[in-house]
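If you count by this note's numbering, then the sequence shown holds residues 14 to 287, one letter each, in order.
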Amino acid sequence: MKPASLSDLADKYDVFLVDQFGVLIDGAGAYDGAIEAMHVLLEAGKTVIVLTNSGKRAAHTRTRLEGYGFSMPGAQVVSSGEVARTLLATRFSGHAAPCAVWYEAENTDASPLEGLQVRYVDDMQDADLVMIAGVRSEDATLGAFKARFRQAIERGVPCICTNPDQRRLTSKGVRFAAGRIAALYQEMGGKVEWVGKPYRAMYDHATDLVGPAAKVICLGDSFAHDIKGAAFAGLPSVLVKTGLARDVSDEDLMLLCEQHGASPDYLLASFRYT
């Protein structure tokens, strides 16, 4: 791995798969220089695909980024919520009756399930599927989820997680994310299906949008999702040292490479065009 600039990378690659939180934005807004960097890449004819572990559909991410000042008409978005919808639309198409879903998401957004053969339940005892797409409250506790999950796990109710992120950036700092809730479900003996980075379906969905000859590179701040996911997909990667990687020392970097069995090809101080 070696230090690089975004202009260096633009000389070598055609397609940039860019993480959202921790690279483009934090819990409060856009990182300095990120809006301009995306604009420069698009103006140079590069393909920019925001690849995000958001349990919401792609349109929500696009609207959010536009609200922060990003010029999105030339960029594309692949969210884990969008990939999950494709999967679930096929799965539910043959159901005679709606699937009863207990759903956890930020702001109760249920866009990945809109128009599908489902009904929502508030009681775990009535659920046929547990779906975890986000965390509704910054003040939520894992203990509260543990108490709720026990009933569903005892009945063998499956869970699908459309946001594997273990941690998230919020206005109150780093908090646990949807992936940690789903991991708890799994630790308690429940069966979890994972959709999002580092799992292959996200990268297949994104690379299907570009030609097979395109030179693709992945940028992210998370070893567990961005760097590991790129390695699983056989793609080069860049660790952007903002967000979750902001305070990673050189010593920590080597330990993380060993822990996750993946190493970034490049290091980038921030998503800024220099």
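For every residue, glycine included, the Cβ atom is placed at its ideal position computed from N, Cα and C. Predicted model only: the values in this text are computed from it and were never measured.
Backbone CA spacing between residue i and residue j [nearest angstrom]
i, j, result
"residue 180", "residue 22", "28 Å"
"residue 290", "residue 284", "Outside the shown range of the chain (14 to 287) lies residue 290, about which nothing can therefore be said."
"residue 164", "residue 138", "6 Å"
"residue 269", "residue 14", "13 Å"
"residue 265", "residue 148", "28 Å"
"residue 192", "residue 16", "30 Å"
"residue 58", "residue 114", "43 Å"
"residue 26", "residue 34", "22 Å"
"residue 240", "residue 84", "26 Å"
"residue 168", "residue 109", "22 Å"
"residue 263", "residue 280", "11 Å"
"residue 258", "residue 107", "44 Å"
"residue 133", "residue 166", "18 Å"
"residue 272", "residue 103", "36 Å"
"residue 277", "residue 267", "11 Å"
"residue 302", "residue 61", "A query on residue 302 cannot be resolved here, the shown segment of the chain reaching from 14 to 287 and no further."
Residues of its chain near residue i, where Cβ-Cβ distance is below 7 Å and the 5 sequence neighbours each way are ignored
i, result
"residue 112", "105, 130, 131, 141 and 142"
"residue 186", "none"
"residue 44", "37, 38, 255, 283 and 284"
"residue 301", "The structure shown does not extend to residue 301, since the chain is modelled only from 14 through 287, so no value can be given for it."
"residue 178", "66, 190, 191, 192 and 238"
"residue 18", "287"
Simplified DSSP state of residue i, which is helix, strand or coil
i, result
"residue 179", "coil"
"residue 113", "strand"
"residue 87", "coil"
"residue 96", "helix"
"residue 125", "helix"
"residue 154", "coil"
"residue 255", "coil"
"residue 78", "helix"
"residue 34", "strand"
"residue 189", "strand"
"residue 29", "strand"
"residue 64", "strand"
"residue 205", "strand"
"residue 226", "coil"
"residue 43", "strand"
"residue 241", "helix"
"residue 133", "strand"
Among the options, nearest to residue i - alpha-carbon criterion
i, options, result
"residue 195", "144, 242, 152 and 262", "144"
"residue 199", "172, 216, 212 and 80", "172"
"residue 214", "84, 20 and 98", "98"
"residue 87", "66, 81, 116 and 54", "54"
"residue 28", "245, 226, 244 and 287", "226"
"residue 170", "49, 16, 204 and 107", "204"
"residue 24", "33, 263, 242 and 228", "228"
"residue 151", "166, 119, 175 and 174", "119"
"residue 288", "51, 32, 124 and 261", "Shown here, the chain extends from 14 to 287; a query on residue 288 therefore has no answer."
"residue 125", "273, 101 and 274", "101"
"residue 155", "127, 117, 68 and 26", "117"
"residue 182", "167, 42 and 18", "42"
"residue 32", "93, 26 and 197", "93"
"residue 123", "18, 258, 263 and 175", "175"
"residue 68", "81, 146 and 46", "146"
"residue 247", "134, 260, 216 and 272", "216"
"residue 81", "46, 201, 202 and 260", "46"
"residue 188", "201, 166 and 153", "153"
Own chain partners of residue i with C-beta closer than 6 Å, once the 5 adjacent residues on each side are dropped
i, result
"residue 90", "63, 71, 74 and 75"
"residue 243", "231 and 250"
"residue 218", "91 and 96"
Same chain, Cβ closer than 8 Å to residue i, neighbours up to 5 away in sequence not counted
i, result
"residue 49", "285 and 286"
"residue 197", "155, 158, 159 and 162"
"residue 303", "Only positions 14 to 287 of the chain appear in the structure, and residue 303 is not among them; the question remains open."
Closer than 8 Å to chain D by CB, residue i
i, result
"residue 86", "In the displayed structure, chain D is absent; only one protein chain is listed."
Query raised in the report: If we count Cβ pairs, one from each stretch, closer than 8 Å, do we get three or more for the segment 249-268 versus the segment 214-227?
Result: no
**Report entry** Three CB pairs or more closer than 8 Å across the segment 31-46 and the segment 75-87
**Finding:** yes
Requested in this report: Taking 8 Å as the threshold, find out whether the segment 201-213 comes into contact with the segment 222-241 through three or more Cβ pairs.
Outcome: yes
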